[in-house]
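Student:
2 protein chains.
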Amino acid sequence: MSFSNLDLVNEGDGFPYYQADPDLYTASISTYYELRVEGHDYPLGYMLPSVAEVFRDVPSWNLNDEERILTLNGGDTQEERSQRIEHTLLALKETGHFKVLDKWRNELYAVYGKNKELLFNVERSASPLFGVVTYGAHLTAYVRTKEGELKIWVPRRARTKQTYGGMLDNAVAGGIASGERPFESLVRECGEEASLPEDLVRRKAMAVGTVTYFYIRKANAGGETNLMQPECQYVYDLELPEDTIPKPGDDEVDEFYLWSVSEVQEAMAKGEFKPNCALVMLDFFIRHGIVTSENERDYIEIVSRLHRRLEFPTL
Amino acid sequence: MSFSNLDLVNEGDGFPYYQADPDLYTASISTYYELRVEGHDYPLGYMLPSVAEVFRDVPSWNLNDEERILTLNGGDTQEERSQRIEHTLLALKETGHFKVLDKWRNELYAVYGKNKELLFNVERSASPLFGVVTYGAHLTAYVRTKEGELKIWVPRRARTKQTYGGMLDNAVAGGIASGERPFESLVRECGEEASLPEDLVRRKAMAVGTVTYFYIRKANAGGETNLMQPECQYVYDLELPEDTIPKPGDDEVDEFYLWSVSEVQEAMAKGEFKPNCALVMLDFFIRHGIVTSENERDYIEIVSRLHRRLEFPTL
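The listed protein sequences correspond, in order, to chains A and B. Each residue of the first sequence is one higher than the one before, starting from 1 at the first, in this note's numbering. Each residue of the second sequence is one higher than the one before, starting from 1001 at the first, in this note's numbering.
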């Protein structure tokens, strides 16, 4: 089995597009529930009916089956909304309703409204239940050898990790906690995950855009499948000196490889990369003139799909 | 009047998005006619009713008012379709029906089907009448000074040019003729427009992605207004040695400036750039860590909008 670049995009960005097939899109949407908060009449995420159903008759929540909307009632401030949500989620964790909550992270993700205001914070492991947009920072670390060859640092995730265990990753990648700025989040992760010196990261890591996509979770994400996960990754490039070697700083990474472009591409074609990390690698290859219109038949489609305009408010 | 980066994006990518406002989108779409060719039941472009109306009862064309579709009938090959279209357009040019046809270019643009097959070629000046996707190659030429400062070569279009006369442009920018490959088109334009040595361009110009958007033509585009122009620009970066000076090679450019980033940004904020060239500059600033999430409040929205997924087939 060999995956084309477009296959990798379809895997990471699996939610349908309205214009590509209005009927399919409408049929998909019509099976979901929208998540809303009272006083804000627009969707913040899409939820599976089986998930929304669990919120029926739970205090603070209103489930409207006719319009297929789950609304968090009351709470005029982000603090009040966040408390109500946490209260519900802790109860659902106790009763074991959702497998994803077994991996409670004690880490809060931010959910924003149309004016970029913080509407509420939600426990990280619960965010795919609500289908809200989550944010991360991903960095590609690379080396230019004396001979001028581009080589890329690729970590393999610990095989014991419950999510995507043993798969390949971006050099540094992590979720952005509520209140954290993207670059500060990246600097922290560069230390924790790759033992990179902070001053080097601050001087040399370069912001190069975002990769946005709408992922539908598979079994290897852990927990319930088909949960919806629209994501925005802030993307950074870091050219490392040949003698700076990333080292696993925690137990999340088994080892780092320094691979040629073709070694990375072979691993991508074998499906060895975590789906969203394959998208970030593709974006790197496009920005560095490696994947071009001359060698990739689906170039235009791929570049657009890596930068999906999400249909929910973003920061 | 000062334009934010998002204002510039809204100017260059003015067609509504379905998810942002389904009602507005549907209301817009419902006033247009779709362009189709017989045997291919999907839109290749959107046309204003006032334009579609002109094709009523013209041989080879069928105007369906109920479904709002203009179909080119007959012609089983791209050659036959292209001939029928040219025949109609030459007649319309004679009768002076459309101002855009006064600037007949004798240059053919390609229109593709869902399997990336060439469906027909169409005279360049007529493409906005049909609202079909057109393709170009845009290059940003820049210099890194000995002091490490990034400076950008910016040409001013000849003030006598009928389209966007006197506005600022990308260092090299041109439409891709049917049959031409993007990089070869770029190499040709680099010679014609900026007198850049071919071997330098071939060695150093780097493909860095595409910028795609759905433009609605204003008066400064020349000819009829509100015509729809979905476009795909193949984007290239070229770092020039300090002693390589671009020179106008034809009468399309008045002069080249070598500007600092802040000089370019000031000119953008004053609305001095041709709309699509402002988008390509923005993409450059994003890829080079100049516009970041830290200094641009609409970062996520802007990055997505610069890479719009067009709703028509593309190459």
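Quick reminder that beta carbons are idealized off the backbone N, C-alpha and C, glycines included.
(1) Go ahead and pull the three-state DSSP assignment for Lys1093 (chain B).
(2) Run the CB neighbour count on Asn295 (chain A), radius 10 Å, all protein chains shown included, and call it buried at 16 or more, exposed below.
(3) Spell out whether any CB of chain B is found under 8 Å from the CB atom of Cys190 (chain A).
(4) Beta-carbon of Ala207 (chain A) versus every beta-carbon of chain B: anything under 8 Å?
(5) Could you tell me which of A:Glu79, A:Gly191 and A:Gln233 sits nearest to Asp283 (chain A), measuring between CA atoms?
(6) Apply the 10 Å Cβ neighbour rule to Arg308 (chain A) and answer buried if 16 or more other Cβ atoms are within range, or exposed otherwise.
(7) Please tell me whether Gln1233 (chain B) has its Cβ less than 8 Å away from any Cβ of chain A.
(8) Straight-line CA distance for Asp1065 (chain B) to Val1051 (chain B)?
(9) Mind listing the chain A neighbours of Gly1136 (chain B)? Cutoff is C-beta to C-beta under 9 Å, in chain order.
(10) Please give the ranges of any beta strand (DSSP E) in the region 1004-1063 of chain B, keeping only runs that are unbroken, at least 3 residues long and fully inside the region.
(11) Do you know how far the Cα of Phe98 (chain A) is from the Cα of Leu92 (chain A)?
(12) Here's the rule: buried if 16 or more other CB atoms are within 10 angstroms of the residue's CB, otherwise exposed. What is Asp169 (chain A)?
(13) Contact check, Lys151 (chain A) vs Ala194 (chain A) under 8 Å by CB: the rounded distance?
(14) Does the beta-carbon of Lys1274 (chain B) have 16 or more other beta-carbons within 10 angstroms, so that it is buried, or is it exposed?
(15) Comparing the C-beta of Ala17 (chain A) with each C-beta of chain B, is any distance below 8 Å?
(16) For chain A, find out if any of its Cβ atoms is closer than 8 Å to the Cβ of Glu1301 (chain B); answer yes or no.
(17) Using a cut-off of 9 Å between C-beta atoms, extract the partners of Gly1289 (chain B) located in chain A.
(18) Along the chain, where does the beta strand (DSSP E) that runs through Arg203 (chain A) open and close?
(19) Kindly indicate if chain B contains any beta-carbon less than 8 Å away from that of Ile286 (chain A).
(20) Is it buried or exposed for Pro1182 (chain B), if we count other Cβ within 10 angstroms and need 16 for buried?
(21) Is the shortest distance between the beta-carbon of Thr1026 (chain B) and the beta-carbons of chain A less than 8 Å?
(22) Going by DSSP in three states, Tyr1213 (chain B) sits in which element: helix, strand or coil?
(23) What's the call for Pro22 (chain A), buried or exposed, on a 16-neighbour Cβ count within 10 Å?
(24) Only counting the same chain, and skipping five residues up and downstream in sequence, which positions put a Cβ closer than 8 Å to that of Lys161 (chain A)?
(25) Report back the beta-carbon spacing between His1138 (chain B) and Val1235 (chain B) to the nearest angstrom; my notes put them in contact at under 8 Å.
(26) First and last residue of the beta strand (DSSP E) that includes Leu1238 (chain B)?
(27) Please work out which residues of its chain come closer than 7 Å, Cβ to Cβ, to Ala1158 (chain B), disregarding the five sequence neighbours upstream and downstream, and give them in chain order.
(28) For Arg124 (chain A), count neighbouring Cβ atoms within 10 angstroms of its own Cβ and tell me buried if that reaches 16, exposed if not.
(29) Nearest by alpha-carbon distance to Tyr1017 (chain B): which of B:Leu1227, B:Arg1287, B:Leu1279 and B:Phe1214 is it?
(30) Which same chain residues, not among the five before or five after Val143 (chain A), have their C-beta less than 6 Å away from its C-beta?
(31) Any Cβ of chain B within less than 8 Å of the Cβ of Thr140 (chain A)?
(32) Alpha carbons only, please: which of A:Asn10, A:Tyr42 and A:Ser30 is nearest the one belonging to Glu311 (chain A)?
(33) If you measure from the beta carbon of Leu119 (chain A) to each beta carbon in chain B, is any gap under 8 Å?
(34) Name the chain B residues whose beta carbon is nearer than 9 Å to that of Glu149 (chain A)?
(35) Could you tell me whether any Cβ in chain B is nearer than 8 Å to the Cβ of Thr31 (chain A)?
(36) Among the residues of its own chain, which have a CB less than 8 Å from the CB of Leu118 (chain A), if the five just before and after it don't count?
Tutor: Walking through what the data contain:
(1) helix
(2) exposed
(3) no
(4) yes
(5) A:Gln233
(6) buried
(7) Judged by the 8 Å Cβ criterion, Gln1233 (chain B) is not in contact with chain A.
(8) 13 Å
(9) Neighbours of Gly1136 (chain B) on chain A: none; closest Cβ ~12 Å, over 9 Å.
(10) Whole beta strand (DSSP E) segments, 3+ residues: 1033-1037 and 1040-1047.
(11) Inter-residue distance for Leu92 (chain A) and Phe98 (chain A) is about 7 Å (C-alpha atoms, whole angstroms).
(12) buried
(13) 15 Å between Cβ atoms; not a contact.
(14) Classification of Lys1274 (chain B): buried, given that the 10 Å Cβ count is 16 or more.
(15) Residue identity differs from the one stated: residue 17 (chain A) is Tyr in this sequence, not Ala. It does: the Cβ of Tyr17 (chain A) has a partner Cβ on chain B nearer than 8 Å.
(16) yes
(17) Identification of chain A residues near Gly1289 (chain B) by a Cβ-Cβ cut-off of 9 Å yields Ala205, Met206, Ala207, Val208, Tyr236 and Asp237, ordered along the chain.
(18) Segment Glu198 to Lys204 is the alpha helix (DSSP H) holding Arg203 (chain A); no beta strand (DSSP E) there.
(19) Judged by the 8 Å Cβ criterion, Ile286 (chain A) is in contact with chain B.
(20) That one is buried.
(21) So, not an interface residue.
(22) In the structure shown, Tyr1213 (chain B) sits in a strand (DSSP, three-state: E or B).
(23) So Pro22 (chain A) ends up on the exposed side.
(24) Glu252
(25) 6 Å
(26) Run containing Leu1238 (chain B): Met1228 to Glu1239, per the beta strand (DSSP E) assignment.
(27) Gly1165, Asp1251, Glu1252, Val1253 and Asp1254
(28) buried
(29) B:Phe1214
(30) Lys151, Leu240 and Glu242
(31) At a cut-off of 8 Å between beta carbons, Thr140 (chain A) makes no contact with chain B.
(32) A:Tyr42
(33) no
(34) The contacting residues do not exist; Glu149 (chain A) stays about 16 Å from chain B at best.
(35) no
(36) Gln78, Ala110, Val111, Tyr112 and Ser178
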